[in-house]
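Below is one structure; the comments refer to it alone.
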Amino acid sequence: MKPLNFLALILFVAGLVWVFTLSEKSVRHIQQSYYSAISPLISKGSETEAFANKFLEEVEHSADLEKRIEQVIEQRDRFKLIAGRVRELEAENNQLRNALDFKKKTQFDVVAARVIRKQPQMWGKTIEIDRGTDDGFEADPEFDLCVLASNGGLVGRLQLSGEQISSVLLITDEISQVSAEVEGTSEVGIIVGRQTTFG
């Protein structure tokens, strides 16, 4: 037998003899030392377990929060669309109110029309409106049918009439000439359109 093995055997036997020959008081003292040494590890383990449980709860809570945030973002986007539509309807409502107010205040026979197209030619400034001979709009060389804006300002005069569409020559066109009175005075003049680089 090797000396190291023999020494290990002697130590083992001595340990056994010592353990079995200890008094009850010594055993309790050893147990107390063992528990006092291991108790910080146990408490740390329970703290770690509590921390892990708390972390898992927070992860679950953050997943719920993320879902709620997504729902709130979807609702916000819907509300933005609704608010945009409401603004459009308010603007349209204001335009209609202004048109009705203008119709009440003017002494002319008024028919509402919408501009549907502007002609792109550089030499002629015309627009097309969604009213024609079916609506009583008919171009007459002896009688100018004027087109007014909703604020009462002159836009142009009827040039050509179709069944449902009419062409209006704008007062800014070079061939357009309209007599006018300078507001606040008795002076009378002629408004003549002119060509610009922007058409």
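Convert by adding 107 to the 1-based position in the sequence shown; the result is the number in the numbering used here. Glycine included, each C-beta is placed from N, C-alpha and C at the ideal position. This one's a predicted model, so the numbers in the text were calculated from it and none came from an experiment.
Beta-bridge pairing of residue i - partner residues as DSSP gives them
i: Glu288; result: Val295
i: Ser283; result: DSSP lists no partner for Ser283.
i: Ser273; result: Ile236 and Ser268
Helix, strand or coil at residue i according to DSSP, with G and I counted as helix
i: Val166; result: helix
i: Arg264; result: strand
i: Phe113; result: helix
i: Gly300; result: coil
i: Phe186; result: helix
i: Gly122; result: helix
i: Gly191; result: helix
For residue i, the first and last residue of its enclosing beta strand (DSSP E)
i: Lys225; result: Val222 to Lys225
i: Arg238; result: Run containing Arg238: none; DSSP gives neither H nor E here.
i: Val217; result: Run containing Val217: none; DSSP gives neither H nor E here.
Nearest-angstrom Cβ-Cβ length linking residue i and residue j, presumed shorter than 8 angstroms
i: Val275; j: Thr233; result: 6 angstroms
i: Ile236; j: Val222; result: 6 angstroms
i: Val295; j: Ser286; result: 7 angstroms
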